[in-house]
Amino acid sequence: MPELPEVETARRGIAPLITGQRVARVVVRNPRLRWRVPTQLARELPGQKINTVDRRAKYLLLATDAGTIVMHLGMSGSLRVVDASLPPQKHDHVDIVFDNGRCLRLRDPRRFGAVLWTSDPEHHPLLANLGPEPSSDDFNAAYLFERSRNRRRAVRDFLLDGQIVAGVGNIYANEALFAAGVRPARHAGRLTLKQCAKLVKTIRATLDRAIKAGGTTLRDFQNHDGLPGYFQLKLNVYGRKGDACPRCTTKIKHLNLGQRSAFFCPECQL
Ligand SMILES: [Zn+2]
């Protein structure tokens with residue numbers, strides 16, 4: 002599943018290829034994604050130029066003068082920029098075709114992704130209530146400390162809440178908690194200010210490391226096969242139940258926390 006680093010890598014991969022390009026037409030082969038692809042897209046987008054390609058949480062925002070395309074890669078989505086004449090494969094559901102003969106092509110076998118269209122991205126229901134970006138100054142120790150007071154939720158779930166911090170997925174929350182020495186099931190309200198400072202640092206470092214790893218895949222966005230922007234990060238605890246902790250060699254433990262798995266070292270994390 003594409004997480005924030007994969008989405009950021011996709012942004013960096015496609016931005017130089019489509020920024021400044023004018024849209025000739027939109028081809029929707031299957032509108033039944035997570036939400037139906039709106040018919041306004043094919044009506045209002047042609048003739049528009051892509052001004053910027055930004056990211057907010059795990060959403061890609063392609064801004065034009067007439068409106069903004071909001072894209073989400075869901076569970077299995079991937080983007081590439083290819084010749085529009087290249088025959089589409091089975092799961093290539095949407096093409097945004099440009100004047101230069103190239104197109105931005107969304108492939109999404111499981112169809113949990115989204116392609117939406119809005120004139121007001123700031124107030125779009127999917128975007129309006131998002132917490133700060135992990136890399137932004139608004140995400141800091143004092144903020145995390147203040148937001149966590151009196152919260153009995155597990156800190157892992159607290160970090161997965163997009164209204165607290167935008168776009169931190171389960172893998173990265175587990176890895177950041179390991180790096181900070183905090184157990185996933187600990188109540189968020191019991192975090193100290195010092196631990197909050199550590200978590201801010203380790204969340205950023207974990208995501209940054211993954212984005213750097215993704216940098217090696219940037220050229221793949223122009224290939225028509227393979228899965229651009231999916232990459233394997235070396236993980237310390239996630240998915241490693243029973244393995245030796247890389248820090249102290251104690252066996253990594255697994256925990257069913259809510260609906261999702263948590264992994265931690267019982268020795269290094271308190
Ligand atoms: Zn350990």
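So for the sequence shown, the numbering used here puts the first residue at 2; every next one is plus one. Glycine included, C-beta positions come from ideal geometry on N, C-alpha and C. Here the structure is a predicted model, which means the values were calculated and not measured.
Problem set entry | Cβ pair Thr69, Leu46 closer than 8 Å | As a working note, residue 69 is residue 68 in the sequence shown. As a working note, residue 46 is residue 45 in the sequence shown. Taking 8 Å as the cut-off, the beta carbon of Thr69 is found no closer than this to the beta carbon of Leu46.
Problem set entry | DSSP three-state assignment for Leu80, whether helix, strand or coil | Taking the sequence shown and counting its residues from 1, one reaches residue 80 at position 79. Correct three-state label for Leu80: strand.
Problem set entry | First through last residue of the beta strand (DSSP E) which encompasses Tyr60 | Here residue 60 refers to the residue found at position 59 of the sequence shown. 60-64 is the span of the beta strand (DSSP E), which, as asked, contains Tyr60.
Problem set entry | Boundaries (first-last residue) of the alpha helix (DSSP H) holding Val8 | What you label residue 8 is simply residue 7 of the sequence shown in a count that begins at 1. According to the DSSP assignment, Val8 belongs to the alpha helix (DSSP H) that extends over 5-19.
Exercise. Can we count Thr251 as close to ligand 1, meaning its CB is less than 7 Å from some heavy atom?
Worked result: Stepping through the sequence shown from its first residue, residue 251 is reached at position 250. Checking every heavy atom of ligand 1 against the Cβ of Thr251, one is found closer than 7 Å.
For this session: With a floor of 3 residues, list each beta strand (DSSP E) that falls wholly inside the region 105-146, ordered by position along the chain.
Result: Runs found: 115-119.
For this session: Can you grab the Cα-Cα spacing for the pair Leu208 / Ala11, in whole Å?
Result: For the purposes of this step, residue 208 is taken as the residue at position 207 of the sequence shown. For the purposes of this step, residue 11 is taken as the residue at position 10 of the sequence shown. As the crow flies, the alpha-carbon of Leu208 is around 14 Å from that of Ala11.
Problem set entry | Backbone secondary structure at Val71 - three-state DSSP | Numbered from its first residue, the sequence shown carries residue 71 at position 70. Of the three classes helix, strand and coil, the one that applies to Val71 here is strand, per DSSP.
Exercise. Hey, how far is the Cα of Arg241 from the Cα of Gly168?
Worked result: Counted from its first residue, the sequence shown places residue 241 at position 240. Counted from its first residue, the sequence shown places residue 168 at position 167. About 23 Å.
Problem set entry | Where Asp209 falls: helix, strand or coil (DSSP) | As a first step, residue 209 is located in the sequence shown; it is residue number 208 there, counting from the start. It is helical.
For this session: Name the residue from Asp158, Ala180, Arg205, Gly190 whose alpha carbon lies nearest to the alpha carbon of Val238.
Result: Numbered from its first residue, the sequence shown carries residue 238 at position 237. If we check each option's Cα against that of Val238, Ala180 comes out closest.
Exercise. Is there at least one non-hydrogen atom of ligand 1 closer than 7 Å to the beta-carbon of Arg187?
Worked result: For the purposes of this step, residue 187 is taken as residue 186 along the sequence shown, with counting starting at 1. Incorrect: Arg187 has no Cβ contact closer than 7 Å to ligand 1.
Problem set entry | Short Cβ contact (8 Å threshold) for Val156 with Arg187 | Here residue 156 refers to the residue found at position 155 of the sequence shown. Here residue 187 refers to the residue found at position 186 of the sequence shown. Arg187 sits close to Val156, with the two beta carbons spaced by under 8 Å.
For this session: Could you tell me which of Ile19, Val24, Arg57 sits nearest to Gly48, measuring between CA atoms?
Result: Residue numbering aside, residue 48 sits at position 47 when the sequence shown is read from its first letter. When each option's Cα is compared against that of Gly48, the closest is Val24.
Exercise. Near Asn130, which residues of its chain fall below 7 Å by C-beta distance, leaving aside the five closest residues on each side in sequence?
Worked result: Within the sequence shown, residue 130 is the residue found at index 129, counting from 1. Excluding its 5 nearest sequence neighbours in each direction, Asn130 has C-beta neighbours in its own chain below 7 Å: Gln164, listed in chain order.
Problem set entry | Range covered by the beta strand (DSSP E) that runs through Val27 | Mapped onto the sequence shown, residue 27 falls at position 26. Start and end: 24-29.
Exercise. Under 8 Å, do Gln270 and Val183 count as touching if we go by C-beta distance?
Worked result: Counted from its first residue, the sequence shown places residue 270 at position 269. Counted from its first residue, the sequence shown places residue 183 at position 182. Closer than 8 Å, so yes.
Exercise. In the DSSP assignment, what residue or residues form a beta bridge with Arg37?
Worked result: As a position in the sequence shown, residue 37 is number 36, starting the count at 1. For Arg37, DSSP records a beta bridge to Arg33.
Exercise. In terms of alpha-carbon separation, which member of Gly114, Asn257, Gln260, Asp244 lies closest to Cys266?
Worked result: Taking the sequence shown and counting its residues from 1, one reaches residue 266 at position 265. Sorting Gly114, Asn257, Gln260, Asp244 by C-alpha distance to the C-alpha of Cys266 places Asp244 at the top.
For this session: Output the distance between the C-alpha atoms of Asp109 and Pro185, rounded to the nearest integer angstrom.
Result: Counting from 1 along the sequence shown, the entry for residue 109 is found at position 108. Counting from 1 along the sequence shown, the entry for residue 185 is found at position 184. Pro185 has its alpha-carbon roughly 32 Å from the corresponding atom of Asp109.
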